[in-house]
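Here the structure comes first, spelled out in C-alpha cells, and everything after it is commentary.
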Amino acid sequence: MERSLESILVTGGSGFIGSNFIRHLLAQEGFSGRIVNADALTYAGNPLNLADLQDDERYTFIQADIRDEEAVARLFSEYEVDTVVHFAAESHVDRSIFGPRDFITTNVMGTFTLLEAAREAWGDRPDVLFHHVSTDEVYGSLGDTGAFLETTAYDPKSPYSASKAGSDHLVRAWAHTFHLPVTISNCSNNYGPYQFPEKLVPVMILNMVEGKPLPVYGQGLNVRDWLYVGDHAQAIWTILQHGPAGETYNVGGENEWRNIDLVKHLCDVVAKQTGEPEDDYLRLITYVTDRPGHDHRYAIDCAKIKRELGWRQAHDFPSGLSETVAWYLANTEWIASVRSGEYRTWMETNYAGRGSVNDHGR
Ligand code: NAD
Ligand code: TYD
C-alpha cells in the first residue's frame, strides 16, 4: 500500500527545523500534496521564518496549540490529514532546567493529544503515517568512544531529553497497541538558518558580531555531532516516502566537535566573512559556569538510514557553516525580531547573574 502524502500536518513548522523542512518539502519535485503548519508561536516560533510562502497555495498556517484537544481534532477533519510530521516541542535544554513544566505539557501531553487525534481520525487506514521527530539525547551521554544505535537503551538525563524520551515511548506504544503507522527519527545537533539564538551556533555568531562574551559552558570539552538542517529535512522526507511503519532511524552528521574547538573554528569563519581580525573574536571566549548535569558526548551511528533508505549528508561542514554564518550576517531584521519581547525578558531574568568562571581570552 502506497502512502498518501497528500495532506501533511506539520506541527511546530514555524520553528527552526520545521520551517526548514516545510521549505525543503515544497521544493521537492516528488511532492504534490499540501502542507498545514500548526504552531502555537511560542517564543521559538516565528511567522517570519516562512514569510516567503504566504502566497503559496500549497501551504496553510494555523495558530494552534498541540495540547488543545479540540483544535487538534479540527485540524485532522478540516484538512483531511493523512500524514503528521511532529516537530512541535520545547527544545532547549537550558530552559528545561530553569522551568521544566512546558516540556512535560507540550512534549509529553501534546504528543499524546496528537496520537489520540490521529487514532480517532484514521481508524485502520494503512496509507497514513505519524512521523515523530526526536533527538539523540534520549540515549543519554557517551564516554569518549562509541556511538548511539537505534537499539541503544534509553537513558535520558535532562528534563528536555526525558520529555522527548517519554514522547518516543508514547509513539511506540500507540503503534504496538493501536497499530498506528508510525516512524521515529532521532537526530543529532542541527545547525543552519533560522535557528533561534539561544543554541550554541547562533549565540556565538551573534555575540561575535556584537562584541559580546562567547559563553563556553564548563571547560568546553563536551562533544556534539553537527548536522546541517537541510540534511535532516531530507532524511525526514526520505523516511516519509520509504521508511516502513514501525521503524526508527538515527540521523547524524558524523561530524563530532568539542564545543571549544567549534567556537574557535566559528571565530575563524566569522572573521573571514566580516573582515575583522580573528583575534578580536577569540579574545571574547569566556568560560562560564557549567550547565547542571551537562551530557558529556553525543555521537550517532546513522548506518541504518544510509543502508536501508539510501540517505546521505549532502552538506559538508565547511560549506554548511559558511552558509549559516553568511545567513546570520545578512538577516539582521530576523534577528532583531526574534530577540525582542519575551525572549529578552527571559535572558535578562535567567542569565543576568551567570558568572564567568575564568577568562581565557585565547
Ligand atoms: P524550535 O524550538 O526552534 O521550534 C519549536 C516549534 O514548536 C516552535 O515554532 C514553537 O512555536 C512550536 N511549539 C512549541 N510548543 C508548542 C505547542 N504546545 N503547540 C504547538 N506548537 C508548539 O525547535 P527545533 O530546534 O526546530 O526542533 C524541532 C524538533 O526537532 C523538536 O521536536 C526537537 O526535539 C527536535 N530535534 C531538534 C534538534 C536540534 O538540534 N534543534 C535535534 C534533534 C531533534
Ligand atoms: P545547545 O545548542 O544548547 O544544544 P544541546 O544542549 O541540545 O546539545 O548546546 C550545544 C553544546 O554547547 C552543549 O554542550 C552546551 C554548549 N553551549 C555552550 O557552551 N554555550 C552556550 O552559550 C550554549 C547555548 C551551549
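Here this note's numbering runs 201 ahead of the position in the sequence shown, where the first position is 1.
Don't be surprised by glycine CBs; every beta carbon is placed ideally from N, CA and C.
Bear in mind that the values here come from a model prediction, so they are computed numbers and not experimental data.
- Query: I think Val-489 touches Val-417, with their Cβ atoms under 8 Å apart; what is that distance to the nearest whole Å?
  - Reply: Yes, Val-489 and Val-417 are in contact; Cβ-Cβ is about 7 Å, under 8 Å.
- Query: Using a Cβ-Cβ cut-off of 8 Å (strictly less than) and excluding sequence neighbours within five positions of Leu-371, which residues of its own chain qualify?
  - Reply: Cβ neighbours of Leu-371 beyond the five flanking positions: Val-309, Thr-312, Phe-313, Leu-316.
- Task: Under 6 Å Cβ to Cβ from Arg-498, same chain only, skipping five residues before and after it: list those, please.
- Result: Its chain contains Leu-343, Val-424 as the residues whose beta carbon lies nearer than 6 Å to that of Arg-498, once the 5 sequence neighbours on both sides are disregarded; these appear in chain order.
- Task: With DSSP as the reference, please indicate the residues paired to Glu-457 in a beta bridge.
- Result: Within the DSSP secondary-structure output, Glu-457 pairs in a beta bridge with Asp-426.
- Message: Check whether the stretch 204 to 224 and the stretch 395 to 411 are in contact - that is, three or more C-beta pairs closer than 8 Å.
- Response: Short answer: they touch.
- Query: How is the alpha helix (DSSP H) around Asn-408 delimited, first residue to last?
  - Reply: Element bounds for Asn-408: 401 to 411.
- Query: Got a sec? Which residues, its chain only, sit under 8 Å from Arg-204 by beta carbon, not counting five neighbours each side?
  - Reply: Spatial neighbours of Arg-204 in its own chain (CB-CB distance under 8 Å, excluding positions within 5 residues in sequence) are listed in chain order as Asp-283, Thr-284, Asp-328, Val-329, Leu-330, Leu-441, Gln-442.
- Query: By how many angstroms is the C-alpha of Met-405 removed from the C-alpha of Ile-461?
  - Reply: Taking the Cα positions, Ile-461 is about 11 Å away from Met-405.
- Query: How would you write the range of the alpha helix (DSSP H) that Asn-221 sits in, first residue to last?
  - Reply: Per DSSP, Asn-221 belongs to the alpha helix (DSSP H) from 217 to 227.
- Query: Relative to ligand 1, is the shortest distance from any of its heavy atoms to the C-beta of Ile-267 smaller than 7 Å?
  - Reply: Yes.
- Query: If you run the structure through DSSP and keep just helix, strand and coil, what is Ala-239?
  - Reply: Secondary structure at Ala-239: strand, using DSSP grouped into helix, strand and coil.
- Query: Does the distance from the CB of Thr-307 to the CB of Ala-289 come in under 8 Å?
  - Reply: Between Thr-307 and Ala-289, the gap from beta carbon to beta carbon is short of 8 Å.
- Quick one: which unbroken alpha helix (DSSP H) runs of 4-plus residues sit fully inside the stretch 470 to 494? Chain order, please. Fully enclosed alpha helix (DSSP H) runs of 4 or longer: 479 to 483.
- So does Val-388 have its beta carbon nearer than 7 Å to some heavy atom of ligand 1? In the sequence as displayed, the identity of residue 388 is Cys instead of Val. Cys-388 Cβ: within cutoff of ligand 1.
- Item | Three-state class that DSSP yields for His-287 in the structure shown | Looking at His-287 - three-state DSSP - the assignment turns out to be strand.
- Query: Using the C-alpha atoms, what's the distance from Ala-363 back to Asp-294?
  - Reply: According to the sequence shown, residue 294 is Val rather than Asp. Roughly 10 Å between the two C-alpha positions.
- As assigned by DSSP and simplified to three states, the class of Leu-330: If DSSP states are grouped into helix, strand and coil, Leu-330 belongs with the strands.
- Using only the heavy atoms of ligand 2, determine whether one of them is closer than 7 Å to the beta carbon of Glu-338. Yes, the beta carbon of Glu-338 sits closer than 7 Å to at least one heavy atom of ligand 2.
- Query: From Pro-357, Val-286, Cys-388, pick the residue whose C-alpha is nearest to that of Phe-222; which is it?
  - Reply: The alpha carbon of Phe-222 has as its nearest neighbour, out of Pro-357, Val-286, Cys-388, the alpha carbon of Val-286.
- Name the residue from Leu-422, Ser-538, Ser-368, Phe-349 whose alpha carbon lies nearest to the alpha carbon of Ile-501. For the residues Leu-422, Ser-538, Ser-368, Phe-349, the minimum Cα distance to Ile-501 belongs to Phe-349.
- Message: Measuring only from the beta carbon, is Leu-428 closer than 7 Å to any heavy atom that is part of ligand 2?
- Response: Not one heavy atom of ligand 2 falls within 7 Å of the beta-carbon of Leu-428.
- With C-beta atoms as the reference, is His-332 less than 8 Å away from Thr-384? For His-332 and Thr-384, yes; Cβs fall inside 8 Å.
- Local conformation of Thr-212 per DSSP, three classes: Three-state result, Thr-212: strand.
- Could you work out which residue in Ala-241, His-433, Leu-407 is closest to Ala-531 when comparing CA atoms only? When only C-alpha atoms are compared, the closest one is Leu-407.
- If you measure from the CB of Ser-297, is any heavy atom of ligand 1 nearer than 7 Å? Between ligand 1 and the CB of Ser-297, the shortest heavy atom gap is not smaller than 7 Å.
- Message: I need the DSSP call for Asn-647, collapsed to helix, strand or coil.
- Response: Residue 647 lies beyond the residue range present for the chain, which begins at 202 and ends at 563; the question has no answer from this structure.
- Tyr-260 beta carbon less than 8 Å from that of Ile-403: Here the sequence assigns Pro to residue 403, which means Ile is not the residue at that position. Against a cut-off of 8 Å, the Cβ pair of Tyr-260 and Pro-403 comes out as no contact.
- Message: Relative to the C-alpha of Gln-435, which candidate in Asn-387, Asn-238, Arg-513, Arg-275 has its C-alpha closest?
- Response: Closest option to Gln-435, Cα to Cα, is Arg-513.
- Does the distance from the CB of Tyr-482 to the CB of Cys-503 come in under 8 Å? With contacts defined as CB atoms closer than 8 Å, Tyr-482 and Cys-503 fail to qualify as a contacting pair.
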